[in-house]
Amino acid sequence: MDTKNAKPAGAADYLANERTFLAWIRTSIALMGFGFVIVKFALFIRQISFALGEKPLSQGKGYSAIIGVTMVAFGALMATLAFIRYHNIEKQLKHNAYFPSRWLTVLVTVSIIIGAVLLVLYLLPNI
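Sequential numbering of the sequence shown, starting at 37, is according to my numbering.
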């Protein structure tokens with residue numbers, strides 16, 4: 037990129053970077069919240085079954101805790117990577133040399149697709 041003819045970064049550029057960072061943070065919070073719900077919902081179902089004196093509804097291997105904790109960890113990792121990306125873009129804007137990067141979006145997309153495939157494989161025996 038030719039930095040001689042490039043216009044300096046303005047307030048709109050910095051605010052766009054901040055909005056993008058906050059969108060990544062909201063997504064990471066949603067993932068962590070969903071992971072928490074998965075873990076607690078499985079526990080809730082087991083407690084309701086126990087309280088009713090019945091056999092637990094699910095005779096599966098109980099992977100929901102592992103899936104939920106993994107989603108919480110993935111959400112925390114996403115927040116960390118979002119901060120690193122935000123900080124790098126801020127430095128690039130200050131030096132008037134912004135170079136777009138897709139590594140975070142590719143990483144999140146691939147991870148979610150892998151997670152979705154694993155969840156489908158986990159849920160298929162229950163159909």
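Each residue gets a CB set at the ideal place from its N, CA and C atoms; glycine is no exception.
If I measure Cβ to Cβ from residue 111 and keep anything under 6 Å in the same chain, skipping five residues before and after, which residues do I get? Residue 111 sits at position 75 when you count from the first residue of the sequence shown. Here the set comprises 64, 67 and 68.
Less than 7 Å between the C-beta atoms of residue 74 and residue 103, yes or no? Locating residue 74 in the sequence shown gives position 38, counting from the first residue. Locating residue 103 in the sequence shown gives position 67, counting from the first residue. Contact flag set, yes.
How big is the Cα-Cα spacing for residue 108 and residue 153? As a working note, residue 108 is residue 72 in the sequence shown. As a working note, residue 153 is residue 117 in the sequence shown. Residue 153 has its alpha-carbon roughly 18 Å from the corresponding atom of residue 108.
Residue 82 in three-state terms, based on DSSP: Indexing the sequence shown from 1 puts residue 82 at position 46. Three-state DSSP puts residue 82 in a helix.
Would you mind sorting residue 137 into buried or exposed? The rule is 16 or more other CB atoms within 10 Å of its CB. Residue mapping note: residue 137 aligns to position 101 of the sequence shown, counting from 1. Residue 137 comes out exposed.
Have a look at residue 150 and residue 126 and give me their C-alpha separation to the nearest angstrom. Counting from one through the sequence shown, the residue named residue 150 turns up at place 114. Counting from one through the sequence shown, the residue named residue 126 turns up at place 90. Each residue's Cα considered, the two are about 31 Å apart.
Please report the Cβ distance between residue 122 and residue 128, rounded to the nearest whole angstrom; I am assuming they are in contact, meaning their Cβ atoms lie under 8 Å. In the sequence shown, residue 122 corresponds to position 86, counting from 1. In the sequence shown, residue 128 corresponds to position 92, counting from 1. No, residue 122 and residue 128 are not in contact; Cβ-Cβ is about 11 Å, not under 8 Å.
Quick check: residue 140 and residue 113, are their CB atoms within less than 7 Å of each other? Against the sequence shown, residue 140 aligns to sequence position 104. Against the sequence shown, residue 113 aligns to sequence position 77. No. Outside cutoff.
Would you identify the three-state DSSP class for residue 134, choosing helix, strand or coil? Position 98 of the sequence shown holds residue 134. Coil.
Cα separation between residue 58 and residue 106? Locating residue 58 in the sequence shown gives position 22, where the first residue counts as 1. Locating residue 106 in the sequence shown gives position 70, where the first residue counts as 1. Their backbone Cα atoms lie some 22 Å apart in a straight line.
Grouping DSSP H, G and I as helix and E and B as strand, with all else coil, what is residue 90? Taking the sequence shown and counting its residues from 1, one reaches residue 90 at position 54. When secondary structure is reduced to three states using DSSP, residue 90 falls in the coil class, being assigned neither helix nor strand.
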